[in-house]
DNA sequence: ATGTCATATTGACAAACGTCGATACATCGA
DNA sequence: TCGATGTATCGACGTTTGTCAATATGACAT
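Chains as they are written, first to last, in the UniProt record's numbering: chain S, 1 to 115; chain R, 1 to 115.
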């Protein structure tokens, strides 16, 4: 039986011993893989680039559904995964949920590849 | 119905417009995601780090099965995915298949995150 | 030629994933 | 308070993924 415990810190924040800097422990590999798994779907990559290119570097779900051509629940789901991985952050303002890219997280992920 | 066509160039080689450098096309997002999907499994991340840390920067399947604790076919399968993504390369020498990390591919992947 | 050894491929299976429609939740304006 | 609107969650589904045992392939030594 598997139990999913909530993480106190997002993955990308805890990341990242470099992949090529010595043998990684299972835990380190797990954290790194979790971050990259979030980047391993074309829709999510596209979402990040759309948000980053938006006015003020932020976008709400309603701005994103049409460009990616998927349903609102699906986009919401993908954004949740990106937030869980620490690659995006969410801010509720009124009825809208605004999302931003966490550049620091991208930096840390890059550091895991190019130490 | 899905048909998988062989790629003439490996993904990581063709990569990568930066994620945060303007809206990506579906094709660009697809290529980037394909690279990161290969990095999105803890076993594969571990394999890369094991190979990079090996004598001469190379390792054969037989060197890898025990450390990751998985069967030989499974390790072979993972290595195939890494090679397909351009993150590793394979060289047959006698009975053994030696694998190396393609540092350039890691660099390019990192560039997609931190332009 | 034959046997042995390292690796790849096949077939099968459970688990995880991406997607949607339907619905619940939250927030604002009237 | 009520309806409208943006978002999240739920339940379901087909597909993809990770894994293994069994088997095939290829290379060397005898």
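Here a beta-carbon is modelled for each residue, glycine too, at the ideal position from N, C-alpha and C. In this text the structure is predicted, and so the values were computed from the model without any measurement.
Checklist entry - Just reading off the beta strand (DSSP E) that residue 88 of chain S is part of, what are its end residues? => result 88–93
Next on the checklist: Here's the rule: buried if 16 or more other CB atoms are within 10 angstroms of the residue's CB, otherwise exposed. What is residue 77 of chain R?
Outcome noted: exposed
Next on the checklist: Using C-beta distances below 7 Å, list every residue in its chain close to residue 64 of chain S, excluding the 5 sequence neighbours before and after it, in chain order.
Outcome noted: 47, 50, 75
Checklist entry - Taking the C-alpha atoms as reference points, what is the distance between residue 55 of chain S and residue 62 of chain S? => result 14 Å
Item to check | C-beta contact flag for residue 43 of chain S and residue 87 of chain S at 8 Å | outcome: no
Checklist entry - alpha helix (DSSP H) containing residue 110 of chain R: first to last residue? => result 103–113
Next on the checklist: For a cutoff of 8 Å on Cβ pairs, would you count residue 71 of chain S as touching chain R?
Outcome noted: no
Item to check | Contacts that residue 32 of chain R makes with chain S (C-beta to C-beta distance below 7 Å) | outcome: 45
Checklist entry - Does any CB atom of chain S fall closer than 8 Å to the CB of residue 20 of chain R? => result yes
Item to check | Option nearest residue 92 of chain R by Cα separation, candidates R:59, R:26, R:52, R:24 | outcome: R:59
Checklist entry - Considering only C-alpha positions, which residue in the set S:30, S:26, S:52 is nearest to residue 113 of chain R? => result S:52
Checklist entry - Is residue 28 of chain S buried or exposed, if buried means 16 or more other CB atoms sit within 10 Å of its CB? => result buried
Item to check | Proximity below 8 Å, CB of residue 110 of chain S to CB of residue 35 of chain S | outcome: no
Next on the checklist: Please confirm whether residue 29 of chain S has its beta-carbon closer than 8 Å to some beta-carbon of chain R.
Outcome noted: yes
Next on the checklist: Cutting at 8 Å between CB atoms, please list the residues of its own chain near residue 102 of chain R, excluding the five before and the five after it.
Outcome noted: 12, 86, 87, 88, 89
Next on the checklist: Does any residue of chain R have a CB that is nearer than 8 Å to the CB of residue 82 of chain S?
Outcome noted: no
Checklist entry - Which partner residues does residue 60 of chain R have in the DSSP bridge list? => result R:98
Checklist entry - Going by beta carbon distance, what residues of the same chain come within less than 6 Å of residue 98 of chain S, once the five residues before and after it are set aside? => result 58, 60, 91
Checklist entry - Taking only beta-carbon atoms, is residue 102 of chain S less than 8 Å away from chain R? => result no
Item to check | residue 40 of chain S beta carbon less than 8 Å from that of residue 40 of chain R | outcome: yes
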